[in-house]
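Quick note: the sequence shown uses my numbering, first residue 1, plus one each step.
Glycine is no exception: its CB is placed at the ideal position from the N, C-alpha and C atoms.
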Amino acid sequence: MSAAVEIERAVRRDNELTLLVSCAHCALPVPAARIEADRLNQFCCDGCRSVNGILHAAGLERYYDERALAGVTPNTARRSQRKFEELDGATFQKEHYQVLSPSVVATDFVLEGVHCSACVWLVERLSRVVPSVIEARYDLGRSTLRVSWEKSACKLSEIARALDSLGYCPHPAHSTALAAEQRRGDRALLLRLGIAGAAAGNVMLMALALYSGNFAGMSAEYVALFRFGSLLIATPTVFWAGAVFFRGALAALRTRTPHMDLPVSIGILTGYLGSTVNTLRGTGEVYFDSLCTLIFLLLVGRYLQRTHQRRSARASDLLSALAPSIAHLLESGGTRDVPADGVVAGDIVEVRQGERVAIDGVVTLGRSAVDCSLLTGESLPVELSPGERVHAGTTNLSSRLEIRVEAAGASTRLGRLMQSVETAQRERAPIVRLADRVAGRFVLAILVVAALTLLLWLWLDPAHAVDHTVALLVVTCPCALGMATPLAVSAALRKAARGGVLFKSGEFVEALSQPGVIVFDKTGTLTEGRLTLVSWLGDETAQAFARAAEANSGHPIALAFQRAFAENELYCENRVELTGGLRAHVIGRDVLVGSLSLVQRELERVPAWAQRAVQSHADGGRTPVLVAMDGQVRAVAAFADSVRSDARSSLKRLGTLGFRFQVLSGDHQRVVDSVVKELGISFEATVGGATPEAKCEAVSQLRAAGQRVFMVGDGVNDANAMVAADVGIAVHGGAEACLSAADAFTTRPGLATIAFAAEGARRTMQVIRRGIALSLGYNLIGIGFAVTGHLDPLVAAILMPLSSITVVTAALRARTFEEPAS
């Protein structure tokens with residue numbers, strides 16, 4: 001063994017520092033048994049070794065530099081080892097392939113394991129690993145990877161296996177048609193915007209020539225040329241690029257609901273018709289330049305709004321991200337992989353250790369611990385034995401299970417839950433934006449004032465009646481009002497994203513700006529979402545034996561043992577998973593680690609001091625675990641889901657804004673009470689043992705009582721309640737379905753980001769109100785000058801964009817979401 005490895009493996013006893021070999025891929029400690037003395041790079045598992053080899057073979061070693069720059073904590077490479085042959089079937093191709101050309105097709109994948117910018121960098125360079133891939137683009141908002149490839153050169157299953165080999169297990173994304181429709185809409189809007197921008201630039205050059213001619217002189221034929229040229233360019237801009245505003249105005253008239261598109265359309269049509277008449281007459285002012293600029297700027301604002309209104313709304317997308325797309329069907333000849341939604345009631349499927357369950361059913365063979373936290377919110381695993389029911393979306397932690405199928409696909413409890421999330425998202429009434437509410441009254445007022453101005457000047461001076469009315473409509477055209485609000489919201493959304501909060505739409509910024517009741521799930525929100533050792537009573541020498549017995553296990557309690565105690569030279573033999581714990585031989589010593597009921601079954605006697613400690617910890621909402629060696633109880637360990645370090649201070653910040661708090665958790669009531677007691681913050685209600693359906697019902701009742709409700713959670717069990725709330729907020733690290741159902745989600749751990757979001761939302765609404773006030777104040781002044789005949793249409797056309805620039809600049813430069821202190 002080399003000297004370098006000897007130094008790294010050196011262990012200093014008596015509480016001194018322990019130096020360990022780090023994995024060359026994930027940087028986690030390498031178990032002593034896996035260290036290879038003759039190799040420079042060491043790996044903690046075969047998955048990390050494989051990914052590292054692939055990266056070097058493809059020339060993608062820069063991934064490690066990108067990961068270091070991102071400052072993220074690396075994870076062990078997880079590979080499913082699936083073959084993905086179902087992706088090559090004709091049915092799948094028909095439903096999921098999008099034909100880009102005779103030889104090139106594309107599809108979308110939902111990827112597991114993408115958690116930082118380095119991961120995005122890597123998956124977008126998929127063509128280095130699979131040469132037949134033409135392009136790979138990752139959509140961070142939808143957590144989907146769009147892949148295009150040469151169909152004749154390779155199969156989709158090969159691409160999926162390549163992604164899986166990198167540690168990013170792919171699932172089919174079922175919204176390919178929806179994504180294609182959204183892209184078509186984006187292209188159409190960008191085309192309108194581009195034509196309007198080009199027209200505005202050319203017409204403004206002609207207008208500059210006309211304005212210069214007013215002072216320096218210009219022959220009549222050139223004046224006519226520039227006027228008719230402006231009319232020719234402006235006509236398609238008004239009636240094609242501006243058609244979106246006319247459609248909105250017609251809808252407002254049909255529904256008798258004043259909308260900002262109505263005065264915009266009237267102003268555009270009035271300016272266009274007046275300019276056209278003056279062009280044909282050869283006298284009077286023309287406003288084609290102002291009209292094209294107005295349409296261009298309004299389309300810019302509409303496009304920015306559109307980019308922030310993306311929704312992941314299909315239940316099938318959520319389902320595919322949570323439940324596996326295949327199941328291991330047991331047949332007389334062995335095991336066969338089949339589509340998960342293709343199994344039927346009565347079939348027997350196999351679920352291996354570490355896999356997620358694909359169906360609802362009853363255990364027929366095997367005992368194991370199952371992690372139900374994503375579905376129920378229960379932080380502790382559930383012990384299963386034959387005859388007990390298990391649901392899709394849960395994770396098998398301990399050992400192999402055979403399950404008799406009762407429901408699959410959309411018929412599972414998870415499928416029904418996701419369907420209800422989709423339905424609620426589709427039926428939720430949209431919140432009317434503040435600018436539209438103001439515009440409703442503004443529209444009626446402007447139309448009335450314009451009519452009165454026309455009548456007044458027809459009586460006083462018919463020759464100038466149309467000019468004064470046009471000046472009024474141009475100067476009061478709500479361009480500033482229409483752009484300031486969406487641009488202020490867009491700027492605020494960008495600043496919020498930099499601060500760690502992603503809002504799906506500006507309407508949720510408005511909702512969060514007003515205080516109400518914040519309903520918290522406990523696990524992963526108020527707490528860290530993982531078990532931590534909080535107490536050890538007994539022989540400390542037993543710690544190393546317990547750590548060795550629990551090594552390499554994925555059970556939450558085993559992971560807590562591994563985090564609590566450093567890896568040692570002890571090694572485990574003959575580990576046997578039991579209901580409630582495990583039994584193992586560690587260097588010849590019999591070690592039993594588990595619950596009180598397990599230890600009572602396995603040993604003749606449990607001492608009184610250990611029973612008292614177990615009862616004390618259980619009463620305090622902690623999870624007690626006994627450690628026995630050679631038939632004698634040696635220690636009692638207690639684990640708890642520790643409260644987040646910033647929870648108390650963040651709740652106090654929210655309290656100063658007027659928010660009130662409740663807890664709805666799937667955990668046991670005494671666990672919830674323990675966390676609330678530790679926080680020391682007043683909660684209106686604290687409820688434990690709440691099912692996903694109960695959470696949704698509780699939130700709906702609060703809203704029915706007139707409360708403004710904000711739901712904060714991280715699991716699938718919170719998704720329905722999030723949709724039912726005014727605003728659903730998913731915290732960092734939440735499940736995919738939770739993020740899809742939420743209206744906002746945080747990209748940084750802890751509750752400080754939620755307080756930051758509420759404070760920023762309040763400042764954003766202040767900025768919007770200030771912008772609306774400035775716009776209305778400017779319009780009132782303009783109305784006064786126009787009605788009294790002191791405002792020329794040409795001056796009005798110049799003032800209108802200047803006012804818009806002023807209001808928009810103020811909105812964009814406003815300090816809304818300040819970066820939280822790190």
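Beyond the five residues adjoining it in sequence on each side, Ser152 comes within less than 8 angstroms, by CB distance, of Ser103 in the same chain, given in chain order. For Ile681, no beta strand (DSSP E) segment is defined, and its DSSP state is neither H nor E. If you check the CB distance, Asp539 and Ala635 come in under 8 angstroms. Take Ile326, set aside five residues on each side of it, and the residues of its chain with a beta-carbon closer than 8 angstroms to its own are Arg82, Glu86, Asp337, Val338, Pro339, Ala340 and Ala358, in chain order. Contact annotation: Val712 and Ile729 have beta-carbon atoms nearer than 8 angstroms.
Ala471 and Val795 have their alpha carbons spaced roughly 8 angstroms apart. For Thr806, the three-state secondary structure derived from DSSP is helix. In this structure, Phe745 sits away from Ile518, with a CB-CB distance that is not shorter than 8 angstroms. Your pair His96 and Pro172 checks out as a contact, with CB atoms roughly 6 angstroms apart and the cut at 8 angstroms. Following the DSSP letters along the chain, one finds Ser368 inside the beta strand (DSSP E) bounded by residues Ser368 to Asp371.
Taking Leu210 as the centre and dropping the five residues before and after it, the same chain places the C-beta of Phe226 closer than 6 angstroms to its C-beta, in chain order.
One Cα belongs to Gly655, the other to Ala757, and the distance between them is close to 14 angstroms. For Asp360, the secondary structure class from DSSP, reduced to helix, strand or coil, is strand. Residue range Ala220 to Pro236 is occupied by the alpha helix (DSSP H) that includes Tyr222.
Looking only at Gly185, Arg184, Ala216 and Phe239, the smallest Cα-Cα distance to Ala199 is reached by Phe239. Contact fails between the region 524-540 and the region 776-793, because fewer than three Cβ pairs, one in each stretch, are under 8 angstroms apart.
In this chain, the beta strand (DSSP E) harbouring Asn574 covers Cys572 to Leu578. Residue pairing by DSSP puts Val390 in a beta bridge opposite Gly361. Inclusion of His617 and Pro607 in the CB contact set at 8 angstroms is not warranted, their separation being larger than that value. Non-local beta-carbon contacts of Gly789 in its own chain, meaning distances under 6 angstroms to residues more than five positions away in sequence, involve His468 in chain order. When Thr579, Lys677, Val675 and Leu751 are compared, the shortest CA-CA separation from Asp646 is found for Leu751.
Boundaries cannot be given for His732, as no alpha helix (DSSP H) includes it and DSSP labels it neither H nor E. When DSSP reads this structure, Gln98 sits in a beta bridge with Ala106. With a 10 Å radius around the Cβ and a threshold of 16 neighbouring Cβ atoms, Asn52 comes out buried. By the beta-carbon neighbour count (other beta carbons within 10 angstroms, threshold 16), Leu205 is exposed. For Gly620, the closest of Glu331, Arg161 and Val676 by C-alpha to C-alpha distance is Val676. Three or more beta-carbon pairs drawn from the region 758-773 and the region 495-511 are found closer than 8 angstroms, and the two stretches are therefore classed as touching. Here the region 21-28 lies against the region 36-49, with 3 or more beta-carbon pairs under 8 angstroms apart.
In the DSSP assignment, Arg583 is bridged to Val576 and Leu592. Ranked by how close their Cα comes to the Cα of Ser597, the residues Leu626, Arg583, Ala488 and Cys572 have Leu626 in first place. By the Cβ rule, the region 383-392 counts as touching the region 359-370, because three or more pairs are nearer than 8 angstroms. Taking the Cα positions, Tyr138 is about 7 angstroms away from Val120.
Shown here for Ala610: same chain residues with a beta carbon closer than 7 angstroms to its own, the five before and five after excluded, namely Leu626, Val633 and Val636 in chain order. DSSP places Ser535 within a strand segment (E or B) once states are collapsed to three.
In the DSSP assignment, Gln42 falls outside any alpha helix (DSSP H), carrying neither H nor E. Cβ contact annotation for Glu112 (same chain, cutoff 6 angstroms, sequence separation greater than five): Cys169, in chain order.
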